[in-house]
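Visitor:
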Amino acid sequence: MKLLHVFLLFLCFHLRFCKVTYTSQEDLVEKKCLAKKYTHLSCDKVFCQPWQRCIEGTCVCKLPYQCPKNGTAVCATNRRSFPTYCQQKSLECLHPGTKFLNNGTCTAEGKFSVSLKHGNTDSEGIVEVKLVDQDKTMFICKSSWSMREANVACLDLGFQQGADTQRRFKLSDLSINSTECLHVHCRGLETSLAECTFTKRRTMGYQDFADVVCYTQKADSPMDDFFQCVNGKYISQMKACDGINDCGDQSDELCCKACQGKGFHCKSGVCIPSQYQCNGEVDCITGEDEVGCAGFASVTQEETEILTADMDAERRRIKSLLPKLSCGVKNRMHIRRKRIVGGKRAQLGDLPWQVAIKDASGITCGGIYIGGCWILTAAHCLRASKTHRYQIWTTVVDWIHPDLKRIVIEYVDRIIFHENYNAGTYQNDIALIEMKKDGNKKDCELPRSIPACVPWSPYLFQPNDTCIVSGWGREKDNERVFSLQWGEVKLISNCSKFYGNRFYEKEMECAGSKPFPRYGYKPSPPNGCGSPLFGVHLNIGIPSLTKCCNQHDRCYETCGKSKNDCDEEFQYCLSKICRDVQKTLGLTQHVQACETTVELLFDSVIHLGCKPYLDSQRAACRCHYEEKTDL
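Just so we're aligned: the sequence shown equals residues -18 to -1, 1 to 613 in mature numbering (1 follows the signal peptide of the UniProt record, and there is no 0).
(1) Give a yes or no on contact between the region 159 to 177 and the region 131 to 138, applying the rule of three or more CB pairs nearer than 8 Å.
(2) Can you tell me whether LYS221 is helix, strand or coil according to DSSP?
(3) Using CA coordinates, which residue listed in ILE108, THR377, TYR403 and THR369 is at the minimum distance from ILE397?
(4) To the nearest angstrom, report how far apart ILE450 and ASP224 are at their CA atoms.
(5) How about the region 251 to 258 and the region 214 to 231: do they share at least three Cβ pairs that are nearer than 8 Å?
(6) Here's the rule I'm using: 16 or more other beta-carbon atoms within 10 Å means buried, otherwise exposed. How should ALA90 be labelled?
(7) Check SER478 in the structure and name its three-state DSSP category.
(8) CA-CA distance, THR290 and GLY107?
(9) Provide the residue span of the beta strand (DSSP E) that contains TYR351, from first to last.
(10) How would you call ASP9, buried or exposed, if buried means at least 16 neighbouring beta carbons within 10 angstroms?
(11) Would you call the region 397 to 416 and the region 476 to 495 touching, i.e. three or more CB-CB distances under 8 Å?
(12) Taking the runs of the beta strand (DSSP E) that are 3 residues or longer, which of them lie wholly in the region 208 to 258?
(13) I want to know whether the region 357 to 367 touches the region 296 to 314 - three or more CB-CB distances under 8 Å.
(14) Return the chain-ordered list of same chain residues with a C-beta closer than 6 Å to the C-beta of MET293, the five sequence neighbours on each side being excluded.
(15) Can you check whether the CB of LEU164 is closer than 8 Å to the CB of VAL111?
(16) Please confirm if the region 270 to 277 is in contact with the region 236 to 253, defined as three or more CB-CB distances below 8 Å between the two stretches.
(17) Would you identify the three-state DSSP class for PRO525, choosing helix, strand or coil?
(18) Between the alpha carbons of GLN553 and VAL378, how many angstroms are there, rounded?
(19) Would you call TYR47 buried or exposed, if buried means 16 or more other Cβ atoms sit within 10 Å of its Cβ?
(20) How many whole angstroms separate the CB atoms of ILE432 and TRP335, which I take to be in contact at a CB cut-off of 8 Å?
(21) Should GLY81 and THR59 be called a contact, given that it needs their Cβ atoms to be closer than 8 Å?
(22) May I ask you to list the residues that DSSP assigns as paired with THR391?
(23) Are the CB atoms of PHE464 and TRP381 nearer to each other than 8 Å?
(24) Please classify LEU556: does DSSP put it in a helix, a strand, or coil?
(25) Rank LEU45, THR54 and GLY348 by C-alpha distance to the C-alpha of SER72 and give the top, closest one.
(26) Using 10 angstroms around the beta-carbon of GLU550, count the other beta-carbons present and answer buried if the total reaches 16, otherwise exposed.
(27) Excluding the 5 residues preceding and the 5 following SER452 in the sequence, name in chain order all residues of the same chain whose CB lies nearer than 6 Å to its CB.
(28) If you reduce the DSSP assignment to three classes, tell me which class THR579 lands in.
(29) With a 10 Å radius around its C-beta and 16 neighbouring C-beta atoms as the bar for buried, classify residue 614 as buried or exposed.
(30) Please report the straight-line C-alpha distance between ARG149 and CYS168, rounded to a whole angstrom.
(31) What residues in its chain sit with their C-beta under 8 Å from that of GLU577, if we drop five residues either side in the sequence?
(32) Nearest-angstrom Cα distance between MET129 and VAL194?
(33) State buried or exposed for ASP104, treating a residue as buried only when at least 16 other CB atoms are found within 10 Å of its CB.
(34) Give the straight-line distance between the Cα atoms of TRP127 and CYS49, rounded to the nearest whole angstrom.
(35) Whose C-beta lies closer than 8 Å to the C-beta of GLN409 among residues of the same chain, with five residues either side of it excluded?
(36) Spell out whether any CB of chain C is found under 8 Å from the CB atom of LYS215.
If you want it as structure tokens, here you go:
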């Protein structure tokens, strides 16, 4: 009986909160991640804006009609009115010249401008703005100025890499009579300072005005200890992984093992500003910034004269109108812990996304319901020629005594195999099953099933996260089971050391319990001492017997392939041994003894596992060694 490639139902409970003081950049930054050049447009790491959608790991522009319809009108710099802020930003995403101007309708005299005053070049100076409904220009208050606002201002002025983090504007004594300045707040990813929120404040003199030096290609050559942003900008490595978007494209905060300063560390490897924690908006794709927020004190805003609309609040409102995913949530969850072998017998409702794929011979594999008419399963479970024979059974927990009143049976319309599926190596071993719709119905109806969530990012889960596996597998004595089983396993990094070139990091997750082998026994060292096996004595050492046996148990215990697949690989491994013996020794009696041994070994292992053989190895081995586990 084939088992689904045991599917990981990523219901993970491990949350990590990490806050550290300054550590060297080499210790904080994940080099392997940096090579992927993630930015604020990489939805493997961050959420897309409401006017974008995630396609193959990249945030791309929506078309305006794909935005929510509710909202207030806004005006763009081309004097065109848009029904909503989302529609304007969607068009700007497609045509970057059409920037936001103001909230509300367009007026003939309305104009927003930002400029730099009293600088030696056009890339530096004190920041001065004119708001749409104001008659005069005003300077920006220094107290509200940060790298977020500086990057937006420079981008608005045409400096695509934002503000320079190293150079400072040197201001000589000035006679400025202004007693007021504008307090500005930006999120940091706006394309115009007009999108930020402005309030009016009192000032004591020109020292209270904000200044900026925008980053140019003519800037000084990089310092010795530098971090290169994806957009080509150089910043000090001390500014990486501190929760502040110094690069402007966020690339300095997306590959972090931990955060320095006041940065909040998402377990997806992203550092966000500490003020984003418990602010009512999920910023970490793993959601931990909004966990445990009961009693969290929010910052009270000082009452001042607000001069512009809060477009960040409008962004959040639009985000709240987007369709919500409803998946992966069941009525109750067991918290018992169990090794995968044998598992725990599932009760009705424990795994509402689990389905059984059945043909004439019985359950062929398990599958996962992911919504609509779609089932996700392993490609090696299916044959295209048998599409019309497969059935999808839902709500099956006991195959011997099925509850026919609750079970829903669906038929298969088509099977879609991964285009790069390799049946020989199991690379891209994944397939989709589309179920047939009943009659004239627009969709499939599975009243007692709940879709599982399909992870969109490889960073949603980390090594040592606890996950659930489920399926119809084997008991500890390799006997078939007829009830749905589940168990908990931990994700494991770098499985290539266990499976060599059979583990494909980009396409696979690895999970299991340590140590891998069955019943907790320690694998016999592959030193080939030679031993009798069930009365058959060999006078030559065959180290590969132990190697094949250990590989077989690891295959069955951890990689999630069907028992038949593991047995076939075991048989192939054993057959190679005797061919090697023939090449090495060439004596008929040796080859015959080898064939007899491997035949007996194969029959015993597929029924009893490797433990009896390994026990006999230990008892008979004349070599002296200290047993050690592989892990």
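Even for Gly, the Cβ is constructed at its ideal location relative to N, Cα and C.
Guide: According to the structure shown:
(1) yes
(2) helix
(3) THR369
(4) 34 Å
(5) yes
(6) exposed
(7) helix
(8) 24 Å
(9) 344 to 353
(10) exposed
(11) yes
(12) 208 to 210, 216 to 218, 246 to 248 and 252 to 254
(13) no
(14) GLU177
(15) yes
(16) yes
(17) Residue placement at PRO525 is poorly supported in this model, since its pLDDT is 43, which falls under 50; the coordinates still yield a value, given next. Three-state DSSP puts PRO525 in a helix.
(18) 33 Å
(19) exposed
(20) 6 Å
(21) Reading off the sequence shown, one finds Lys at residue 81, where the question assumed Gly. Yes. Within cutoff.
(22) Note that residue 391 is Ile in the sequence shown here, rather than Thr. The partner list for ILE391 (beta bridge, DSSP) reads TRP375.
(23) yes
(24) helix
(25) LEU45
(26) exposed
(27) LEU333, GLN336 and TRP468
(28) helix
(29) Shown here, the chain extends from -18 to 613; a query on residue 614 therefore has no answer.
(30) 22 Å
(31) CYS560
(32) 9 Å
(33) exposed
(34) 32 Å
(35) ASN402, TYR403, TYR486 and GLU489
(36) No chain C appears in this structure, which consists of one protein chain only.
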